[in-house]
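Enquirer: First the structure, then my questions, so here it is.
Protein chains: 2
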Amino acid sequence: MKGRLYIALLHYPVLDRDGRVITSAVTNADIHDIARSARTYGVRRFFIVTPIAEQADLVRKIIGHWTLGAGGALNPSRREALEAVEVAGTLEEIIQWIDREESGPVITVATGARIAGLCMNHRKLSELMERDACAYLLVFGTGWGLAGDVIEHSGYRLEPIKGSESYNHLSVRSAVAVTLDRLVGRKHGS
Amino acid sequence: MKGRLYIALLHYPVLDRDGRVITSAVTNADIHDIARSARTYGVRRFFIVTPIAEQADLVRKIIGHWTLGAGGALNPSRREALEAVEVAGTLEEIIQWIDREESGPVITVATGARIAGLCMNHRKLSELMERDACAYLLVFGTGWGLAGDVIEHSGYRLEPIKGSESYNHLSVRSAVAVTLDRLVGRKHGS
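Chains U and P are the protein sequences, given in the same order.
Its first residue numbered 1, the first sequence is counted upward by one per residue in our numbering.
Its first residue numbered 191, the second sequence is counted upward by one per residue in our numbering.
See the structure below:
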């Protein structure tokens, strides 16, 4: 992969079941599962985005336990995964962060089960990532998905994951794993 | 898909970090995430296997809340996912259960990050499932993976999921999602 891959998990602005914009709570399983998937598929950094200072502190405390504290000594592979996790207040902050780290442009890719409009498919995005030396930031939403504003301002929209059924309610943890496997793992797996 | 697909999540016999056979505790996130992935990819039934009666009762209580109780009324898609979850005491019980439901033979497929020996790859298994009208039971382990006995007695061993790195520590929730996407979703997704 030529292009560098980053992930953001947004807790704001996301939707609730009625389509209202809310701030969702951080979930421990999201931090661990997505960090492990990110590490498995060569993601450079996994950003957890929350505008609430107490939630950001909580995430930092969890990361600290597994990277600097007792958890990391007990479970080195977990430490390795959580070392790539960062906390940020907004999506804009992350984009600036990546901009400073990388020389090329940052391309944001919105994801979600209900994303509509002109979508990029996984294969095509995988080819672009292979070809262009850009930084790609995959943006995932918690709750009932990303707010419309985030989707509208993204560089690309990734088509929703389809299984064999019309049912389409993967957890965000599962969606991240499948997305990374389709974008990165296909070339390596069989 | 011609063959019928089933999933089992084993809490016994599985390994701990030191390779000893243990009974692991049931995790709420496993039930929900794997049920949702199973429903998305057309899995007929998702079995949670624990020999501990109190743990089995706990799982039934959680399922009941989301299928019969307040949770299901609030969240119909979660109810739909959890309706396909069953609790069993042993792997043998499940195989007998599927035997009664299905006319053809049941083929067990052991999975795991550390599985070695002669493995079937995802593409090949997907082709077999497409072709043969068998029932396939994918067996996933919690903790540090399935005990050797389960692997040795399975019909096939599925090759471990590889990302782009040598790091290979997906959560079982992520591993189930990626496995189903490789076996079933590839034909539908892009």
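A virtual CB, placed ideally from N, CA and C, is assigned to each residue, including glycine.
Residues of chain P with CB closer than 7 angstroms to the CB of Leu170 of chain U, please, in chain order.
Expert: Chain P residues near Leu170 of chain U: Arg226, Ser227, Thr230, Ala367.
Enquirer: By DSSP's criteria, Thr108 of chain U is part of a beta bridge. Which residues make up the other side?
Expert: Partner(s): U:Leu137.
Enquirer: For Ala116 of chain U, which of helix, strand or coil comes out of DSSP?
Expert: Looking at Ala116 of chain U - three-state DSSP - the assignment turns out to be coil, as it is neither helix nor strand.
Enquirer: Quick check on Gly307 of chain P - is its C-beta less than 7 angstroms from some C-beta in chain U?
Expert: For Gly307 of chain P, the answer is no, since every Cβ of chain U falls outside 7 angstroms of its Cβ.
Enquirer: Looking at C-alpha atoms only, which residue of P:Gly353, P:Ala198, P:Leu373, P:Pro203 is the closest neighbour of Ala274 of chain P?
Expert: Checked all of P:Gly353, P:Ala198, P:Leu373, P:Pro203; the closest Cα to Ala274 of chain P is P:Ala198.
Enquirer: Would you kindly work out how many angstroms separate the C-alpha atoms of Ala113 of chain U and Val172 of chain U, rounded to a whole number?
Expert: Roughly 10 angstroms between the two C-alpha positions.
Enquirer: So that I know if they touch, is there some Cβ in chain P lying closer than 7 angstroms to that of Ala147 of chain U?
Expert: Chain P, which has no Cβ nearer than 7 angstroms to the Cβ of Ala147 of chain U, makes this no.
Enquirer: What does Glu127 of chain U reach in chain P if we use C-beta pairs closer than 9 angstroms?
Expert: The premise fails here: Glu127 of chain U is roughly 12 angstroms from chain P at the closest Cβ pair, so nothing lies under 9 angstroms.
Enquirer: Compare the C-beta of Ser214 of chain P against all C-beta atoms of chain U and say whether one is closer than 7 angstroms.
Expert: By this cut-off, Ser214 of chain P is not an interface position.
Enquirer: Starting from the beta carbon of Arg173 of chain U, find every residue of chain P whose beta carbon is closer than 9 angstroms, and list them in chain order.
Expert: Chain P residues near Arg173 of chain U: Ala219, Asp223, Ser361, Arg363, Ser364, Ala367.
Enquirer: If you measure between the beta carbons of Phe47 of chain U and Ile107 of chain U, is that distance less than 7 angstroms?
Expert: No, Cβ-Cβ distance for Phe47 of chain U and Ile107 of chain U is not below 7 angstroms.
Enquirer: Can the beta-carbon of His359 of chain P be found less than 7 angstroms from the beta-carbon of Arg36 of chain U?
Expert: Taking 7 angstroms as the Cβ cut-off, His359 of chain P and Arg36 of chain U qualify as a contacting pair.
Enquirer: Going by beta-carbon coordinates alone, are Ile34 of chain U and Val139 of chain U separated by less than 7 angstroms?
Expert: Cβ distance not < 7 angstroms, so Ile34 of chain U and Val139 of chain U don't count as in contact.
Enquirer: So what does DSSP say about Glu283 of chain P, is it helix, strand or coil?
Expert: In this structure, Glu283 of chain P counts as helix in the three-state DSSP scheme.
Enquirer: Please list the partners that Ala81 of chain U has in chain P, where partner means a Cβ-to-Cβ separation under 9 angstroms.
Expert: What Ala81 of chain U touches in chain P: Tyr357, His359.
Enquirer: Given the structure, does Trp144 of chain U come close to the ligand ADP, in the sense that its CB is under 6 angstroms from one of the ligand's heavy atoms?
Expert: Although the ligand ADP was asked about, the structure shown includes no ligands whatsoever.
Enquirer: Among U:Glu102, U:Thr179, U:Lys61, which has the Cα closest to the Cα of Ala110 of chain U?
Expert: Closest option to Ala110 of chain U, Cα to Cα, is U:Thr179.
Enquirer: So is Asp181 of chain U in contact with chain P if we call contact Cβ pairs under 7 angstroms?
Expert: For Asp181 of chain U, the answer is yes, since a Cβ of chain P falls inside 7 angstroms of its Cβ.
Enquirer: Would you tell me roughly how many angstroms separate the C-alpha atoms of Ala135 of chain U and Ala56 of chain U, rounded to the nearest one?
Expert: Looking at the two C-alpha atoms, the distance is approximately 25 angstroms.
Enquirer: Please report the distance separating the alpha-carbon of Gly42 of chain U from that of Met120 of chain U.
Expert: Going by the C-alpha atoms only, they are around 21 angstroms apart.
Enquirer: Use the C-beta contact count for Pro76 of chain U: other C-beta atoms within 10 angstroms, 16 or more gives buried, fewer gives exposed.
Expert: Label assigned to Pro76 of chain U: exposed.
Enquirer: Opposite Glu86 of chain U in the DSSP bridges: which residues?
Expert: Paired residues: U:Phe47.
Enquirer: Quick one: what does DSSP say Arg268 of chain P is sitting in, helix, strand or coil?
Expert: Arg268 of chain P falls in the helix class under three-state DSSP.
Enquirer: Sorted by chain position, which residues of the same chain lie with C-beta nearer than 7 angstroms to Leu183 of chain U's C-beta, five sequence neighbours on each side aside?
Expert: Cβ neighbours of Leu183 of chain U beyond the five flanking positions: His122, Leu125, Ser126, Met129.
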